[in-house]
Amino acid sequence: MSVAWRRLTLAGFGRFENEVEVQFGPGANVLVAPNESGKSTLAAGLTAVLFGLPATANPDEFSQARWRNWNEPPRFEGTLEFSAGGEVYRIRRRFDTHAVTVSRRTDGGWEDVVTGEHNPRARRPNAEYESFLRRTVGVASRDLFTATFAFTQPLPGAARLDEHVQELLTGAGAAQFSRALDALVSEGRRLTKFTKSAGLSPRDAVNDGELEKVQARIDALREALEASRAAVDRSQALQEDISRAQAELAAVRRELEQVEEQVEAWTRWQQLRDQQRAALQQQAQLQRAWDTYRSLEEELKSRRRALQEEFPDLLGAPEGTGQRLEELEQLQSAAEALRRQLAAELTTLRRRAGELLAEWRQFAAERERWWALRDRLRTEFAPFEEAGEEARGFYASYRAAKAALELQAEQVRAELQRREEARAALARERARFAEAYGDLDELGDDAAAAAEERAQLLEERERLVPALDAARRKRQTERRRDMALRAAAAVLGAALAALAPLADPMPVWLLVTGLSLAVLGAVGLLQTARAPVSTPEIEELTARLQAVDDALAAETRLGSYTGLGIPDLRALRERLLARRQAAAAVAEREAAAPPSDQELPARLERAEAELQRFLDLTAPGRERFGDGVERAYEQWAALREEERRTRLELLSFSRRHFGVESVTPESAPVDGLAAEGIPGAWRALARMLEDAGAAPPRDVGRLVAAVAELDDEHVAKAAAARFEVSPEAEGLTRRTAELAARLEPVLRAAGGDVGGARRRWAEYVRRAAAADMVEKELRGVLAGQGAQSDEELHARALAAANEALDARRRLAELAERHVGLPAPDDDTAPAEVRAAIHRLAARRDELQRRKQDTEERLFQLREQLADVAGRTVINVAEAELELEELEKERARLAREVDVVALAYRELRHAADAFRSAHRDRLARRAGEYWRRFTGRDRRIVLDENFGVQVQDPDGPRHGVSQLSQGAQDQLYLALRLAIADLVADDVALPLLLDDPFVNCDDRRLARIREALTALEGTRQIILFSHRDVFAGWGTPVAPAHD
């Protein structure tokens, strides 16, 4: 049955957001389009319509995540229309819901034959739809379809055919073999789990078979027989062990009670001893606290009496007396500091006056120097002062500018001379070329090649003419020899035929032989006479000679030199080659010759004019300074810069100090010094003069003179005047008077000395604080012992002594009851007590462990006795009979396992022989295709696992990986075409080729095309490619977009 795809429609699939449709016709269909235009998408879409698109999220798989359009349009579906077995079918599929509808075209339209859902990953497949695919298309698996009839880019490896293809090739017979072998394996596993050693499987099963179950029952029965015999003996032994364990447990319990009583007594003794020692320690601590309290009480009384005697006037002093004394002392210090500050400020201002006077004197000296510089510039360097900017530029680089202008004029003159000499040399070169090769002007650039070709033709003719003559002579000699031999045969035959009748009896064989020789000789003589004189060799030589003569006659490129002989032609060729080189040299010199420039004379005139202007502008300086004009200009520029800088510094001084833009600021008024931005030193000096009682100066000159006369007397007068009018000094005086009135008694006791009064107050405060500290320590002693009074402290000390006596009494009573305990007054160390308790506790723990172990062992013995007593003793006779029957059953099952293993081996051997026959068919058919593709006599060999190898004639086998990539692609294509041929008896599916020939050159493509053309009559071929070379391989198709 032949199948042909007719129409494919996709929507929302891959790069096609909207609907796209492509129609296919019979035979070969070719779609040539650029890369990334959707060819592979169409191939994947056809496969997806047939076999579905899994709803997985992995875009690397053949899935909806891979092929759904990125923009997620509402339609995600496809339709495939195809013909099969004379019927036309249509499959419509929604990829997202897996809904599929199969329709058959009838006279009344489309009739649905299968509807429902077909999910390729469903646990329960749609049996009706997959049955339809197998019935019409012949394939229900996408993997089998892509491995057999779909060729993708690049072609996959050809090292081994997969299992689906093997099953398709071997047909139902192989499937029946496989099912029979599987049944035998299942039967073997039912009988035993050790199928590996039986040759039924590569590994053993996990679950037991019948044989293992019977063996397990045999082992259990034997174990029960042994257990029943040992039960009685075990019961008697357990009774004896229990009696011994009970006696041992009673002894341990008695000793444990004694040890526990001793541990308790020692522990109580240790507690009482700790209580006694704690009471004694508390008694000692309370007694020390009582003694400390009595001592501090006496010290406090002494300190209070001393304060009353030494500072009676300060005992009732108001609060804040100390702060007021400190404030009064600070006010006196502040007033003194203010006087010192005013004096220091005026002293600093006087020192600043000296600095200002020094700066003024420096200013005056700089101004004198500036006047001298200005006079020198106006007299000694008058040419530079009077020159313009252009002339000064020339003066600045006099030598360089003059040399550059002279060089410029000289270079233009040299260039004019060089160009004239080059043009003259080129003219001489042209004349020599014309003289040497003028006779060859009629010959073109290809004349050298023509001369060589004509010489070679003449040489060829000289070789052909003797060869043709020799061939003709050879032919004449052979023809004469043949005619002589045939004539001799005819004469001999006639003679034999004539002699035969003379013999008696007549030998018939002699007559027949003679007549035969006569006839053959006559016929051969006739044929030789009629045979042409020429031979293939003569004809070939004649044709070659004629071709040479025609070529010589057609040659016209040499003109009058055509008739030259071979030596002359070779000499002409050498002259033509030499002419070509000489012409190239002339052309190279022409290219290198300087062009004609009409601007050079004008450039020379401009250069000479620029030089003359330079000389005219620099004439005054050159007349004054001669050759040293540039050095003199540098001196002038330095002096001028120094004059400018000095003037700016003078103006800066006047502006900074006096706020005037002048080099003579003496006449500036003093009132102008108050302007914003003027330093305050000069203003401060003017005010200082006024505070000292001097007349205020009117201008800067008088101010400078007055400042020069300042002395210490002026400073003292100004400082006193400023203190009197200072607002701060007024406040200090008023507050000092107020504090002195309030502290009059305290100051009087110290003789009016504020510092002495403050020190006496500090001593009083210190000693009062020490008394307060002693009183605080008294309260601390009571608080440290938790007592409210000294009486309570004393009572608590007596109570601690009584508690220690009570603890000693109880220790004595305990020692009397328990022999071995120390007496109350024994000096037993705590470590010895702890060691004794530790030893007794260790012995107690050991006895407790022994008691627990003995109890546990006794419990286990009783349990074992109960277990033995509760066991069921089986019937030994019946058990032995059952054991015999089970051993027979085991032997029978072992024989069945051997039978199944033998059947499996024989059936496997038959299946291998069946598959070998199909492998040979496929190998032969694939080899025919591959030899057609490659033009080489190579065999394809398939091993028992359908692995592919290649073998040269009488050579070893090779793996596929040893072939080039192009040869591997050809091998894969040959296998696929062979598979398609072998399964064509059932269903002839179309071949889908998605740009698979990327590694094939033109020769290989030509052979592949021949093979595909031969297949067009039996199956449809669809080829997708981006290469224009495939456009002529079949009917062109193109997708139509909505």
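Take the sequence shown: its letter number 31 is residue 30 in numbering that gives the first Met the number 0, and every next letter is one higher.
Positions of the beta carbon are idealized from the N, C-alpha and C atoms, including for glycine.
Determine the closest residue to residue i out of the options, with distance taken between C-alpha atoms.
{"i": "Ala390", "options": "Gln964, Leu610 and Lys887", "result": "Leu610"}
{"i": "Ala386", "options": "Arg605, Gly620, Ala552 and Glu888", "result": "Gly620"}
{"i": "Ala925", "options": "Ala973, Asp936, Ala890 and Gly934", "result": "Ala973"}
{"i": "Gly558", "options": "Asp440, Ala264, Thr346 and Phe652", "result": "Asp440"}
{"i": "Gly562", "options": "Gln964, Arg453, Leu962 and Glu1009", "result": "Arg453"}
{"i": "Glu538", "options": "Ala483, Leu568, Asp468 and Gln597", "result": "Asp468"}
{"i": "Gly24", "options": "Glu80, Phe362, Met0 and Phe75", "result": "Glu80"}
{"i": "Ala423", "options": "Arg588, Arg134 and Glu344", "result": "Arg588"}
{"i": "Val898", "options": "Glu186, Arg103, Asp374 and Glu35", "result": "Glu186"}
{"i": "Gln238", "options": "Ala890, Asp866 and Leu199", "result": "Asp866"}
{"i": "Phe144", "options": "Glu883, Pro989, Ile241 and His908", "result": "Pro989"}
{"i": "Arg930", "options": "Ala900, Ile978, Ala1010 and Glu459", "result": "Ala1010"}
{"i": "Leu649", "options": "Arg816, Thr732, Val818 and Phe362", "result": "Phe362"}
{"i": "Phe131", "options": "Tyr88, Phe148, Gly779 and Asp789", "result": "Tyr88"}
{"i": "Pro535", "options": "Asp951, Val411, Ala470 and Thr735", "result": "Ala470"}
{"i": "Thr933", "options": "Ala794, His908, Asp1000 and Asp240", "result": "Asp1000"}
Once you ignore the five residues that flank residue i on each side, which residues in its own chain have a CB closer than 8 Å to its CB?
{"i": "Arg741", "result": "Arg323"}
{"i": "Asp207", "result": "Lys192 and Ala215"}
{"i": "Gly37", "result": "Gly13, Arg14, Phe15, Val19 and Pro1038"}
{"i": "Ala553", "result": "none"}
{"i": "Leu885", "result": "Val213, Arg216, Ile217 and Leu220"}
{"i": "Leu962", "result": "Val949 and Leu970"}
{"i": "Thr645", "result": "Glu365, Arg368, Trp369 and Leu372"}
{"i": "Gln307", "result": "Leu314"}
Helix or strand or just coil, what does DSSP make of residue i?
{"i": "Gln1019", "result": "coil"}
{"i": "Glu379", "result": "coil"}
{"i": "Ile939", "result": "strand"}
{"i": "Leu1040", "result": "It is worth fixing the name first, because residue 1040 is His in this sequence and not Leu. Strand at His1040."}
{"i": "Ser185", "result": "helix"}
{"i": "His713", "result": "helix"}
{"i": "Trp370", "result": "helix"}
{"i": "Gln863", "result": "helix"}
{"i": "Ser661", "result": "coil"}
{"i": "Glu881", "result": "helix"}
{"i": "Trp109", "result": "strand"}
{"i": "Ile873", "result": "coil"}
{"i": "Arg956", "result": "strand"}
{"i": "Asn206", "result": "coil"}
{"i": "Pro535", "result": "helix"}
Please work out which residues of its chain come closer than 7 Å, Cβ to Cβ, to residue i, disregarding the five sequence neighbours upstream and downstream, and give them in chain order.
{"i": "Gly321", "result": "Trp760 and Val764"}
{"i": "Leu688", "result": "Pro695 and Ala705"}
{"i": "Leu52", "result": "Ser62, Gln63, Trp66 and Phe94"}
{"i": "Ala749", "result": "Gly755, Ala756 and Arg759"}
{"i": "Ala408", "result": "Leu603, Ala606, Glu607 and Leu610"}
Please report the Cβ distance between residue i and residue j, rounded to the nearest whole angstrom; I am assuming they are in contact, meaning their Cβ atoms lie under 8 Å.
{"i": "Leu376", "j": "Trp681", "result": "The pair is not a contact, with the Cβ atoms about 33 Å apart (cut-off 8 Å)."}
{"i": "Ala450", "j": "Arg572", "result": "4 Å"}
{"i": "Leu992", "j": "Phe1023", "result": "7 Å"}
{"i": "Gly137", "j": "Val997", "result": "Incorrect: roughly 29 Å between the Cβ atoms, too far for contact."}
{"i": "Ala796", "j": "Trp289", "result": "6 Å"}
{"i": "Leu348", "j": "Ala691", "result": "No, Leu348 and Ala691 are not in contact; Cβ-Cβ is about 11 Å, not under 8 Å."}
Hey, residue i and residue j: beta-carbon distance below 8 Å or not?
{"i": "Pro823", "j": "Leu810", "result": "yes"}
{"i": "Val262", "j": "Ile836", "result": "yes"}
{"i": "Pro593", "j": "Arg418", "result": "yes"}
{"i": "Pro726", "j": "Asp312", "result": "no"}
{"i": "Tyr632", "j": "Ala395", "result": "yes"}
{"i": "Ala32", "j": "His1025", "result": "yes"}
{"i": "Leu463", "j": "Leu544", "result": "yes"}
{"i": "Ala400", "j": "Phe393", "result": "yes"}
{"i": "Arg1003", "j": "Trp1032", "result": "no"}
Using a Cβ-Cβ cut-off of 6 Å (strictly less than) and excluding sequence neighbours within five positions of residue i, which residues of its own chain qualify?
{"i": "Asn125", "result": "Gly115 and His117"}
{"i": "Phe657", "result": "Pro664, Ala667 and Val699"}
{"i": "Ala983", "result": "Confidence is the limiting factor: at Ala983 the pLDDT is only 46, short of 50, which leaves the residue's position unreliable and the question unanswerable from this model."}
{"i": "Val832", "result": "Gln269"}
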